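K.L.:
There are 2 protein chains.
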Amino acid sequence: MNESLINDLSKNLGRVKANTMADDVELKLRQYLKKMSLKPGDALPKETDLAEALGVSRNVVREALSRLRMLGMIETRKRKGMVLASPDILQAFERVLDPLIIDDTTLRDIFELRLVLEMGLADLLYVRMTEADIDELEQIANNEINKDKSFLVKNEIAFHGKLYEMTGNSTLKRFQIMLLPVFAYVIALVDKPVSGKIDHRGLVSILRNGSKEDFKKGMYAHLKPHFDRLK
Amino acid sequence: MNESLINDLSKNLGRVKANTMADDVELKLRQYLKKMSLKPGDALPKETDLAEALGVSRNVVREALSRLRMLGMIETRKRKGMVLASPDILQAFERVLDPLIIDDTTLRDIFELRLVLEMGLADLLYVRMTEADIDELEQIANNEINKDKSFLVKNEIAFHGKLYEMTGNSTLKRFQIMLLPVFAYVIALVDKPVSGKIDHRGLVSILRNGSKEDFKKGMYAHLKPHFDRLK
DNA sequence: AATGTTCAATATGTCCTACATATAGACAAA
DNA sequence: TTTGTCTATATGTAGGACATATTGAACATT
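Sequence lines, in order, name chains R and F.
In this text, residue positions in the first sequence follow this note's numbering: the first is 1, and each later residue adds one.
In this text, residue positions in the second sequence follow this note's numbering: the first is 1001, and each later residue adds one.
1. Step through the CB atoms of chain F and report whether any lies within less than 8 Å of the CB of G120 (chain R).
2. Taking Cβ-Cβ distances shorter than 8 Å, what residues in chain F pair up with R183 (chain R)?
3. In whole angstroms, what separates the C-alpha of L68 (chain R) from that of R1201 (chain F)?
4. Shortest alpha-carbon distance to M73 (chain R) belongs to which of F:A1141, F:L1117, F:I1102 and F:L1107?
5. Look at the alpha carbon of F1215 (chain F) and the alpha carbon of D214 (chain R), and state the distance between them as a whole number of angstroms.
6. Of all the CB atoms in chain F, is at least one closer than 8 Å to the CB of N169 (chain R)?
7. Answer with buried or exposed for R114 (chain R), where buried requires no fewer than 16 other C-beta atoms within 10 angstroms of its C-beta.
8. In whole angstroms, give me the CA-to-CA distance for G1161 (chain F) and T105 (chain R).
9. List the whole-angstrom C-beta distance separating L84 (chain R) from L33 (chain R), where the pair is believed to meet the contact cut-off of C-beta under 8 Å.
10. Which residues does DSSP pair with A43 (chain R) in a beta bridge?
11. Between the C-alpha atoms of K1080 (chain F) and A18 (chain R), what's the straight-line distance to the nearest angstrom?
12. In chain order, what residues of the same chain have a beta carbon less than 6 Å from the beta carbon of E1094 (chain F), not counting five sequence neighbours either side?
13. When you compare only the Cα positions, how much space is there between E1052 (chain F) and T1076 (chain F)?
14. So what does I74 (chain R) bridge to, in DSSP terms?
15. Could you tell me whether the region 1125-1133 of chain F touches the region 108-127 of chain R, where touching means 3 or more Cβ pairs closer than 8 Å?
16. Residues of the region 82-96 of chain R in Cβ contact with chain F at a cutoff of 7 Å, in chain order, please.
17. Are V96 (chain R) and I1089 (chain F) touching if we call contact CB-CB under 8 Å?
18. How far does the alpha helix (DSSP H) with E1112 (chain F) in it extend, from its first residue to its last?
19. Output the distance between the C-alpha atoms of I1110 (chain F) and L1050 (chain F), rounded to the nearest integer angstrom.
20. Short of 8 Å in beta carbon distance, which residues of its chain neighbour V1182 (chain F), apart from the five on each side in sequence? Order them along the chain.
21. Could you tell me whether the region 1151-1161 of chain F touches the region 149-160 of chain R, using the rule of 3 or more Cβ pairs below 8 Å?
22. I206 (chain R) to L65 (chain R), Cα distance in whole Å?
23. Since N59 (chain R) meets chain F, which of its residues come closer than 7 Å, beta carbon to beta carbon?
24. Find the residues of chain R that neighbour E1063 (chain F), judging by a C-beta separation of less than 8 Å, and give them in chain order.
25. Quick check: the Cα distance between I1045 (chain F) and V1061 (chain F), rounded to an integer number of angstroms?
26. So, for V1056 (chain F): in the same chain, excluding its five sequence neighbours on each side, which residues have a beta-carbon less than 7 Å away from its beta-carbon?
Here it is as structure tokens:
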């Protein structure tokens, strides 16, 4: 019983997964929604009709619908039936993104994804940011003087969060919020939190007076300890 | 009965959502998984036990489990029961990311997200890319000479896809693949596909001979038409 | 005309029972 | 040790039943 050999095999072959009818129905429903090119608000057939049309029990249909409902693709109302909704694309993500469950490789990948995002923010920032934004960011940065460590962590989050917010892209902002726990988790694994040569106040002053290229260099310097750990 | 007014109201207020028991159970199960800090492969109680413990019918439990199963958080096997799995974080995403269903604001957000990613790739690229990578990329770029438009679109995808691949971050790569339809959709909405001053072969030559900063500037020039449309 | 009230129809939400089916785990055979 | 056989069992599916909220209409009130 070579355990690791089995693990290898299983990884290479992939498990055989007998699709349940709920899986099929879920797929068919999604295809149906797409095919009919239904718009949000449009009514859907009722459960019993779907069950009959698909030749499965209402239970199976409900399992599939339950999934779509979770993803926010449909909404159901007591007597009216179901309507197509505008799904919140990040909602599903949120449920799964638990550092304790995600495997280490993916965890590292996500950490890197955050670095990529942070480095790419500049171009949006320099299009959208306002003086008021910078003022607010400066306040956050100034809060950091003479504070204990736990406060610093919170402030770190606030600072970078504000940066995302300043892009005026709310999906991006929410994405960042979701990635936070992963970031925190990876940081915790590392020996000690080092900060780059440029701190938050340095970044603020660049935003106020410097060019976009300056900011990109500054951000890289700020994140350099993380980049140095890449391999 | 101003229809659009009602629609607006509903959007601003949000609907009141009476949680179903399946919602509750789903939440409780997720909390349970977290609290017990179960590792992938660990066994879970069987459906009937869960139902009894939670004081709900097996149906409700199954709906909740069906959701977790879809997210890849658990796997069920016929006689053994359920085991905690290592969820594929992007799986859920994939299902929802249909340009036809996502609302326009989010669509624009995602498009911008892609720009951010693309601009941020450089730092990972210059750590990980190999000569062989660049060779392959060059081949893709050289394929573009004297080809019809539909081929160009495919090649465009291949080129940028290869860039993501070169970061050695498979999550990032998969993420890009998922965003492709959105990208294509947004592009299709725009008058005509313009390309920046630097084309793919230009980027390749920078990768081969230029610095990271050169590449960042090159990528910006390449994507400039898109950045110009931002507001 | 706008707001309240009543009321019946009905689609979803929930529970229950029953049975089919795959398979884990034990044991037997090679 | 490997391979075949068997059985208990947890999931998968079906279908019936009923509770419940809520729509939409009809009607009364201000």
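Beta carbons: idealized from backbone N, C-alpha and C, even for Gly.
As the structure is a computational prediction, the values presented were derived from the model and not from experiment.
P.N.:
On the basis of the data shown:
1. Chain F contact via Cβ: present.
2. It should be noted that the sequence gives Phe, not Arg, for residue 183 (chain R). Chain F residues near F183 (chain R): none, gap ~14 Å exceeds 8 Å.
3. Rounded to whole angstroms, L68 (chain R) to R1201 (chain F) spans 43 Å at the Cα level.
4. M73 (chain R) has its Cα closest to that of F:I1102, out of F:A1141, F:L1117, F:I1102 and F:L1107.
5. In a straight line, the C-alpha of F1215 (chain F) is about 15 Å away from that of D214 (chain R).
6. Cβ-Cβ to chain F under 8 Å: yes for N169 (chain R).
7. With 16 or more Cβ atoms within 10 Å of its Cβ, R114 (chain R) is classed as buried.
8. Taking the straight line from one Cα to the other gives about 20 Å.
9. Contact holds; Cβ gap of about 6 Å.
10. According to DSSP, A43 (chain R) bridges with R:V83.
11. Taking the Cα positions, K1080 (chain F) is about 15 Å away from A18 (chain R).
12. Once the five neighbours on either side are set aside, the close Cβ partners of E1094 (chain F) are M1178.
13. Answer to the nearest angstrom: the Cα atoms are 19 Å apart.
14. DSSP links I74 (chain R) through a beta bridge to R:L84.
15. Contact fails between the region 1125-1133 of chain F and the region 108-127 of chain R, because fewer than three Cβ pairs, one in each stretch, are under 8 Å apart.
16. Residues passing the 7 Å Cβ filter: S86, P87, I89, A92, F93, R95 and V96.
17. In this structure, I1089 (chain F) lies closer than 8 Å to V96 (chain R) by Cβ.
18. Membership of E1112 (chain F) in the alpha helix (DSSP H) is indicated by the continuous run D1104 to R1128.
19. Looking at the backbone, the Cα of I1110 (chain F) and that of L1050 (chain F) are separated by about 39 Å.
20. Excluding residues up to 5 positions away in sequence, L1097, P1099, I1102, L1107, I1110, F1111 and R1114 lie with their Cβ nearer than 8 Å to the Cβ of V1182 (chain F) in the same chain.
21. They do not touch, by the three-pair rule.
22. C-alpha of I206 (chain R) to C-alpha of L65 (chain R): approximately 51 Å in a straight line.
23. Those are N1059, listed as they occur along chain F.
24. Within 8 Å Cβ-Cβ: R62, E63 and S66.
25. Contrary to the premise, residue 1045 (chain F) reads as Pro rather than Ile in this sequence. As the crow flies, the alpha-carbon of P1045 (chain F) is around 12 Å from that of V1061 (chain F).
26. Only residues of its own chain outside the window of five on either side were considered, and among them M1021 and V1025 have a CB closer than 7 Å to the CB of V1056 (chain F), listed in chain order.
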